[in-house]
Each structure stands twice: as structure tokens, then as C-alpha cells.
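*Asks:* Numbering follows the numbering used here, in which position 28 of the sequence shown is assigned residue number 836; successive positions increment by one, without gaps. Positions of the beta carbon are idealized from the N, C-alpha and C atoms, including for glycine. Computed from a prediction, not measured in an experiment: that's the story for all the values here. Attaching a single structure in C-alpha cells format; questions to follow.
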Amino acid sequence: MEAKYRGLYQRQLQLEAERNRRKQLLHTQAQINIAEGQKQRVVLESEGHLEAKSNEADAAFKTVFREAKAQQKQAVMEVSALAAQVEELARSIAKDRESILPEERQRALAALVELRRLDQLKAIAQSKSNSTYFFGEPGCTRQSDRSV
Numbered sequence: 809m810e811a812k813y814r815g816l817y818q819r820q821l822q823l824e825a826e827r828n829r830r831k832q833l834l835h836t837q838a839q840i841n842i843a844e845g846q847k848q849r850v851v852l853e854s855e856g857h858l859e860a861k862s863n864e865a866d867a868a869f870k871t872v873f874r875e876a877k878a879q880q881k882q883a884v885m886e887v888s889a890l891a892a893q894v895e896e897l898a899r900s901i902a903k904d905r906e907s908i909l910p911e912e913r914q915r916a917l918a919a920l921v922e923l924r925r926l927d928q929l930k931a932i933a934q935s936k937s938n939s940t941y942f943f944g945e946p947g948c949t950r951q952s953d954r955s956v
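Below, the structure written as C-alpha cells:
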């Protein structure tokens, strides 16, 4: 009978060993699955960050492009307005209002530039800053022998 119990005991040990092996195998597979899941999470997060950066870059590009287009349109409008002013001023100083000479356009442009310059000087003079501006040749402003 003792041999029978030994055989039974051996069989129980074998079954216990098999259960432990399966348990270890399942535990290893679970660890592999967890690692794969974490790897996939990191990859997806990385791809998400990349997509977000790409979207930000696209938005910045579109913003700069739209601003450039707006500035271009504004410049065209300003040039058109300036050309209309030059044409109107040239027509007013022309001898013959129907055929304006290039010299008259040139005089009109020079007068318009001078008016803009005077407007800028007026704005500088009326500003609240304490800056002093000197224009012209150093000898004319009596600053030739002083260092500024």
C-alpha cells in the first residue's frame, strides 16, 4: 500500500508542478500583454503629439500666409490711393487737364511726398517723448564742432 500512496503522492506533485508551470506561463503572457499595451500607448501618444505639432505648424503657416495676403492687399490699396492722389494733384496743377505731362506728375509726386514728410514732422513735434531731432547738415544746426 505504501507504494500506492507513493505513486499517488508523486502524481499530486506532478499535477502541482504542472499547475505552477501553467500559472507561470499565464503570468509571463500577462506581463508580455501589459508591455505590448504600454508600448502601443507610447506609440499612439507619440503619434498624437506629432499630429498636434503638425496641426500647429499648419495653423501658423496659414496665419502667416493670410497676414501676408492681407498686407499685400493693403499695400495695393495704398498704392492705388497714392496714385489717385498724384493723378488728381497733377491734374490740378496741369495747364491742360486732359493731357497731363510727366513733369507735372513728377511735381505732383514731389509735392505729395513733401506733404507726407511735413505730416510726419508734425507728429514727431507733437509727441510726448523728450527726444530732440536735428535735420540737415551739421553746419546748419551749429553742431559741427560738438560730438553728439
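Of the residues Glu922, Glu895, Leu923, Arg924, which one's Cα is nearest the Cα of Glu911?
*Replies:* Residue 911 sits at position 103 when you count from the first residue of the sequence shown. Ranking the options by Cα distance to Glu911, first place goes to Glu895.
*Asks:* Once DSSP output is grouped into helix, strand and coil, what is the label at Ala860?
*Replies:* Numbered from 1 along the sequence shown, position 52 holds the residue referred to as residue 860. Helix, per DSSP.
*Asks:* Suppose you measure from the CA of Ala791 to the CA of Ala867; what does that come to, to the nearest Å?
*Replies:* In this structure the chain extends from 809 to 956, so residue 791 is not present and cannot be described.
*Asks:* Would you kindly work out how many angstroms separate the C-alpha atoms of Lys903 and Leu923, rounded to a whole number?
*Replies:* If you number the sequence shown from 1, residue 903 lands on position 95. If you number the sequence shown from 1, residue 923 lands on position 115. Approximately 22 Å, taken between the alpha carbons.
*Asks:* Is the distance from the Cβ of Leu920 to the Cβ of Gln893 below 8 Å?
*Replies:* Start at 1 with the first residue of the sequence shown, and residue 920 comes out as number 112. Start at 1 with the first residue of the sequence shown, and residue 893 comes out as number 85. Contact: yes.
*Asks:* How is Lys903 classed by DSSP in three states: helix, strand or coil?
*Replies:* Here residue 903 is taken as the residue at index 95 of the sequence shown, counted from 1. Lys903: coil per DSSP, three-state reduction.
*Asks:* For Ala916 versus Leu897, is the C-beta spacing smaller than 8 Å?
*Replies:* The sequence position of residue 916 within the sequence shown is 108, counting from 1. The sequence position of residue 897 within the sequence shown is 89, counting from 1. Result yes, Cβ atoms of Ala916 and Leu897 sit closer than 8 Å.
*Asks:* What does a CB cutoff of less than 8 Å around Thr871 pick up in its chain, not counting 5 residues either side in sequence?
*Replies:* What you label residue 871 is simply residue 63 of the sequence shown in a count that begins at 1. If we look at Thr871 and ignore the five residues flanking it on each side, it has no Cβ neighbours.
*Asks:* Give the DSSP-derived three-state secondary structure of Leu823 in the structure shown.
*Replies:* Taking the sequence shown and counting its residues from 1, one reaches residue 823 at position 15. Correct three-state label for Leu823: helix.
*Asks:* State yes or no: is the C-beta of Arg905 within less than 8 Å of the C-beta of Arg899?
*Replies:* By one-based count along the sequence shown, residue 905 stands at place 97. By one-based count along the sequence shown, residue 899 stands at place 91. Contact flag set, yes.
*Asks:* So, helix, strand or coil for Ser955, using DSSP?
*Replies:* One-based indexing of the sequence shown puts residue 955 at position 147. Reliability fails at Ser955, whose pLDDT of 48 lies under 50, so the model's placement of it is uncertain and no value is given.
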